[in-house]
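Structure first, commentary second.
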Amino acid sequence: MTSVLAALLHDVDLETIKKEFIGTNNKLTDVGTIVQSLNQIGSLPIERLPDNAENFISLLLSISGDVRAVLIKLADRLHRMRTISLLSPDNQAAIALETSNLYAPLAHRLGLYKINSELDELSLHYTDPDSYGLLSAKIQQSLVDNKDFISGFLEPVKAELTRLGLDYTIKNRIKSVSSVYNKIRKQQVTFEEVFDLFAIRIIINSKPENEIADCWKAYSGVTNLYAPEPKRMRDWISRPRPNGYESLHVTVLGPSKRWIEVQIRTTRMDEEAEMGNASHWRYKGQAGAVETDEWLNSIRRILEHPGEVEDAISTGSKSGVSENTIYAFTLKVTLKN
Numbered sequence: 476m477t478s479v480l481a482a483l484l485h486d487v488d489l490e491t492i493k494k495e496f497i498g499t500n501n502k503l504t505d506v507g508t509i510v511q512s513l514n515q516i517g518s519l520p521i522e523r524l525p526d527n528a529e530n531f532i533s534l535l536l537s538i539s540g541d542v543r544a545v546l547i548k549l550a551d552r553l554h555r556m557r558t559i560s561l562l563s564p565d566n567q568a569a570i571a572l573e574t575s576n577l578y579a580p581l582a583h584r585l586g587l588y589k590i591n592s593e594l595d596e597l598s599l600h601y602t603d604p605d606s607y608g609l610l611s612a613k614i615q616q617s618l619v620d621n622k623d624f625i626s627g628f629l630e631p632v633k634a635e636l637t638r639l640g641l642d643y644t645i646k647n648r649i650k651s652v653s654s655v656y657n658k659i660r661k662q663q664v665t666f667e668e669v670f671d672l673f674a675i676r677i678i679i680n681s682k683p684e685n686e687i688a689d690c691w692k693a694y695s696g697v698t699n700l701y702a703p704e705p706k707r708m709r710d711w712i713s714r715p716r717p718n719g720y721e722s723l724h725v726t727v728l729g730p731s732k733r734w735i736e737v738q739i740r741t742t743r744m745d746e747e748a749e750m751g752n753a754s755h756w757r758y759k760g761q762a763g764a765v766e767t768d769e770w771l772n773s774i775r776r777i778l779e780h781p782g783e784v785e786d787a788i789s790t791g792s793k794s795g796v797s798e799n800t801i802y803a804f805t806l807k808v809t810l811k812n
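Going by our numbering, the first residue of the sequence shown is number 476, and it counts up by one from there.
Here you go:
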């Protein structure tokens, strides 16, 4: 109830809220606290954002006195992006750029991957509509062109994994338009050179004592069928990444001499990669992820159990946030920390 009230009143003047809605009702005090945090977030000098995105994310997290303020702000931004077509082209581009630089990465850091993906997709649609349209068409065509390729690739893999006695499930995915766009820009490659446009993930239901052996058994089964590219082999099972991420990644030459990435992990590894310490933000090695790790994990737990009482929500720990960082904004000097 508190979160709903704060969301409904987030554009109302704080003094009005205190006078008209809170008054002597102590139960509504949290509403004022959340709205105050939202006002602080809204007062950030967003015009400095392009050069200081990382610092802005840390600052936004540090000034949020209640975890619900961040979630409401993200919900508000998602709604705004979904209705952005009603605005002028100039406003669309400005809001989309701000979303891409601040709110999409923030959602990513919180582990809200579906929201992050939608914000990224909508942002690109309005910041670079020509590229978005071109890549979207190419990806859709690739889906059509590669349907038989993926099916032909998986058929012998399934037969081999079954022969090896493994209990498994297989997922396949295609990169989003924004992911492809970012990869092309960062790596200076063409669309045709994006080798991991498609990826196959083999998830093995394995007992704890058999996890490593079963993953390597699946790896041998795949590489017995298709030649691997040694330079693109990643063993994060024998030596997990510092954030705890565990998986085998290998790129193999499939039918028609085409490359495809295969990821091999157990059910436990997959759950931890998606929901646990090895969140995608930390997996990508972005700076500043550890400082709010404890707080962000508490947010994930809250989102996984929405039926918990509001008191549990408001006590989300923020002890991981550095208290000795000062953010200064001046007319001529960029953000420092």
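C-beta atoms are modelled at their ideal positions from N, C-alpha and C, and glycine is treated no differently.
From a predicted model like this one, the values you see are computed outputs, not experimental measurements.
Between Y656 and L599, the C-beta gap is smaller than 8 Å, which places the two residues in contact. Contact check between the region 695 to 708 and the region 726 to 743: three or more CB pairs, one atom from each, fall below 8 Å, which counts as touching.
Membership of F673 in the beta strand (DSSP E) is indicated by the continuous run F673 to I679. DSSP, read as helix, strand or coil, puts E490 in helix. Annotation: the continuous beta strand (DSSP E) that includes V725 extends over L723 to G729. S560 sits away from D595, with the two beta carbons spaced by 8 Å or more. Membership of R714 in any beta strand (DSSP E) is not indicated, and neither H nor E is assigned to it by DSSP. For R584, the uninterrupted alpha helix (DSSP H) run begins and ends at A579 to R584, by DSSP. As computed with DSSP, V737 is found in a beta bridge with I675 and V725. In the three-state reduction of the DSSP assignment, T698 falls in the helix class. If you draw a straight line from the Cα of A569 to the Cα of T665, it is about 27 Å long. Looking at the DSSP output, P703 bridges to V727. In the DSSP assignment, T637 falls outside any beta strand (DSSP E) and lies within the alpha helix (DSSP H) extending over P604 to R638. Taking every protein chain shown into account, the CB of V669 has 16 or more other CB atoms within 10 angstroms, so this residue is buried.
Between F673 and I649 a beta carbon distance of about 6 Å is seen, short of the 8 Å cut, so the two are scored as contacting. Apart from sequence neighbours up to five positions away, the residues of its chain that approach K646 with a beta-carbon distance below 6 Å are R676, ordered along the chain.
By the neighbour-count criterion, in which 16 or more other beta carbons inside 10 Å mark a residue as buried, S681 falls on the buried side.
Around the beta carbon of Q616, fewer than 16 other beta carbons sit within 10 angstroms, so the residue counts as exposed. DSSP, reduced to helix, strand and coil, places Y601 within a helical segment of the structure shown. Classified as buried, T741 has 16 or more neighbouring CB atoms from the shown chains inside 10 Å of its CB. Around L636, the same chain offers Y643, I677, A693 and G696 as residues with beta carbons nearer than 8 Å, after the five sequence neighbours per side are excluded.
Between R707 and S563, the alpha-carbon positions lie close to 45 Å from each other.
Per DSSP, the beta bridge partners of K646 are R676. Excluding sequence positions up to five before and after L572, its CB lies within less than 6 Å of the CB of T602, all in the same chain and listed in chain order. K661 and S654 have their C-alpha atoms spaced approximately 11 Å apart.
Put simply, the backbone Cα of L639 is about 45 Å away from that of S606. Classified as exposed, K633 has fewer than 16 neighbouring CB atoms from the shown chains inside 10 Å of its CB. Between the alpha carbons of I735 and D671 lies a gap of roughly 6 Å. Comparing alpha-carbon positions, the option among L597, I739 and F624 lying closest to S611 turns out to be L597.
Leaving aside the five residues that flank D745 on each side, the residues in its chain whose CB is nearer than 7 Å to its CB run, in chain order, I678.
DSSP lists no bridge partner for R557. If you draw a straight line from the Cα of E721 to the Cα of R584, it comes to about 19 Å. In this structure, E667 is the residue among R555, A688 and E667 with its C-alpha nearest to the C-alpha of R733.
Within the model, the alpha-carbon separation for H554 versus K658 is close to 27 Å.
Here L546 is not near Y578, since their CB atoms are 8 Å or more apart.
A distance below 8 Å separates the beta carbons of N591 and A582.
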